[in-house]
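Residue numbers (our numbering), protein chains in the order written: chain A, 1104 to 1550; chain B, 417 to 604. Quick notes on the structure that follows.
Here it is, written out as structure tokens:
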């Protein structure tokens, strides 16, 4: 992993000796002298750099010069400090440094081509600064594989995530880095290059104690944060789940989104509306400390629990929710376990205990994908997206239970009673056979 | 403005290899839409399509080499520096003059650089159109306006008229007329 450094424009009037343990160099007229910035970076021998700029974003020339001087792709975080006091500026710089520190080693995006569909034969190429575009990246160690999960393949609006084998793969040339797959991955295996959950978590941990609010902004929106607030720029707001907003609120800070007009931020309003509904359901928020978690669906579940009073019972049903609500009709369920086998997150589990077969559901792990309802042969399950504060508080709950029984004749294990009843209903020739016998003993008894 | 209004001319002014011609053939509906976006009728595009389908690939390649490359002095070399008559007199008719340097500056502002394996000069007609396509796609209005007003609009009329006069293949005559019309529409 490369070392980090901070380059400050002398125009900011700031000169702290270090920021978050990183060396600081003050460069005269940094904003307009890419060559001087590159020289300073080389002197500090760093590959990751926080830029403290006066009043505007870094130019393409400045970014290009830094990349040529050895900065990693996604290794440059710019902070516009115009008009901020030294304490506030120090906080913003430390936040950016913390985010860079968690940048995955060797993080790469995709090489962007110059023009549209005919561009493979392009005469012009993008310079190194802009050549790396964010792209969805899959963490192989965390990914549960397509056989068990594969939700990302279903979610991608560009069909850029495919499952050619046991692991999903991102087609970088088709990925538009909209971020839609990120909050939908229940295993936290997806990220956008340069904006991983642990990077933003580290940045927020630095910022939250000292700011009034956080603005999560799409990089394309060109947004600013009001005084006292901090701007957290992301490649797309698609990767922001409602849990991000709730987690910040749970820490006592205000939060809002600054989306762009593009497709990458289409869902932002829905996410904001859902967070508002959850907050309303929680009543007066009770800010608390605690570690920040940005991986959905746990982020939403964890924040809702921290915000809600102990006796909250509100149920919020909303398609933007990263969590699911499962309803089971106990008269139909035969405890066959097909739902548990299909569940990508093990939110549904069929447990064989010493004395009973039990179907359990963990609401904080359920992403509401609906596969259980699809595979249930008895149509006993229905799923909607949303969260139930009482169920979240309660934790894992039992949806169905049947005592274990053995065959009265031979002593073999019997299927759960509801299943034996259902089989008898379906097969008229079994009418009248005793329920306490296994299939073999029952047929011997009949003949 | 759709980037296609510049992306397509960039392709049509490139060497008409077999791959390239196949790409053009797939893009006629886009070309008609681009013409409509410029407020122009589609007959320029239709003429280009018909002249391309009537032309033989080998002949087209030979015509491209003869018109724009050489051997010897090509009749209509496709470089802006040679066609601009508004700069200092001593620079007239010289390759890599001030317009080429200004083009490089604009590309850099867009974050672009000329590919080494393109083996082209920065003020080649196809390169300038391609840069404009990128500027339009990125919504970089300042650079897009500069590429049209300070570059293409200043030499496309003379260059296209010369190509139309020198061309032996109807395709290049049609392309010259279409490009002149599209440049005029863009400059408005």
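For each residue, glycine too, the CB sits at the ideal point set by N, CA and C.
Looking only at A:1457, A:1411, A:1318, A:1339, the smallest Cα-Cα distance to residue 1295 (chain A) is reached by A:1339. Residue 497 (chain B) is outside the set of residues whose beta carbon lies under 8 Å from a beta carbon in chain A. Residue 1261 (chain A) is positioned such that its CB atom lies closer than 8 Å to that of residue 1278 (chain A).
Note that the segment 1461-1469 of chain A does not touch the segment 1414-1425 of chain A; fewer than 3 beta-carbon pairs, one per stretch, sit closer than 8 Å.
Residue 1478 (chain A) is not a Cβ neighbour of residue 1450 (chain A), given a cutoff of 8 Å. Exclusion of the five residues before and after residue 1248 (chain A) leaves 1269, 1270 as the residues of its chain whose Cβ lies within less than 7 Å of its Cβ.
In the three-state DSSP reduction, residue 1471 (chain A) falls in the coil class, being neither helix nor strand. Listed along the chain, the chain A residues whose CB falls inside 8 Å of the CB of residue 531 (chain B) are 1225, 1226, 1227, 1228.
Not flagged as an interface residue toward chain B: residue 1308 (chain A), since no C-beta distance is shorter than 8 Å.
Beta-bridge partners of residue 1546 (chain A) (DSSP): none assigned. Residue 1521 (chain A) is classed as buried because its beta carbon has at least 16 other beta carbons within 10 Å across all chains shown. Interface annotation for the segment 1156-1167 of chain A against chain B: 1162, 1163, 1164, 1166, 1167, criterion Cβ-Cβ distance under 9 Å. At least 8 Å separates the beta-carbon of residue 1138 (chain A) from that of residue 1109 (chain A). Residue 1398 (chain A) sits buried, since 16 or more C-beta atoms from the chains shown fall within 10 Å of its C-beta.
When 9 Å is used as the limit between beta carbons, residue 461 (chain B) is near no residue of chain A, the shortest such separation being about 15 Å. 8 Å or more divides the Cβ of residue 592 (chain B) from the Cβ of residue 467 (chain B). Annotation: the continuous beta strand (DSSP E) that includes residue 1430 (chain A) extends over 1427-1431. By the beta-carbon neighbour count (other beta carbons within 10 angstroms, threshold 16), residue 1284 (chain A) is buried. In the structure shown, residue 1522 (chain A) adopts helical secondary structure according to DSSP, grouped into three states. The beta carbon of residue 1533 (chain A) lies closer than 6 Å to those of 1527 in the same chain, with the five residues before and after it left out. Per DSSP, the beta bridge partners of residue 1265 (chain A) are A:1272. If you look at residue 1198 (chain A), you'll find it in the alpha helix (DSSP H) that goes 1189-1204. Interface flag for residue 528 (chain B) against chain A is set, since a Cβ pair is found closer than 8 Å. Judged by their CB atoms, residue 1372 (chain A) and residue 1305 (chain A) are not nearer to each other than the 8 Å cut-off. For residue 1299 (chain A), there is no enclosing alpha helix (DSSP H), since its DSSP letter is neither H nor E. Neighbours of residue 481 (chain B) in chain A, taken as residues whose beta carbon is under 9 Å from its own, are absent, since the nearest beta carbon is some 18 Å off. Using a C-beta cut-off of 8 Å, the segment 420-434 of chain B makes no contact with the segment 1529-1546 of chain A, since fewer than three inter-stretch Cβ pairs fall below that distance. Within chain A, the residues whose beta carbon sits less than 8 Å from that of residue 543 (chain B) are 1226, 1227, listed in sequence order. As summarised for the segment 511-578 of chain B, the continuous beta strand (DSSP E) elements at least 3 residues long and confined to that stretch are 528-530, given in chain order. Around residue 586 (chain B), the same chain offers 467 as residues with beta carbons nearer than 6 Å, after the five sequence neighbours per side are excluded. Cβ neighbours of residue 461 (chain B) within its own chain (closer than 6 Å, five residues either side excluded): 447, 448, 451.
If you look at residue 597 (chain B), you'll find it in the alpha helix (DSSP H) that goes 586-603. At a C-beta separation below 7 Å, residue 534 (chain B) has these neighbours in chain A: 1226. Using a Cβ-Cβ cut-off of 8 Å, residue 550 (chain B) counts as an interface residue toward chain A, since at least one Cβ of chain A sits closer than that to its own. The beta carbon of residue 1343 (chain A) is closer than 8 Å to those of 1282, 1286, 1319, 1337, 1360, 1371, 1374 in its chain, skipping five residues each way along the sequence.
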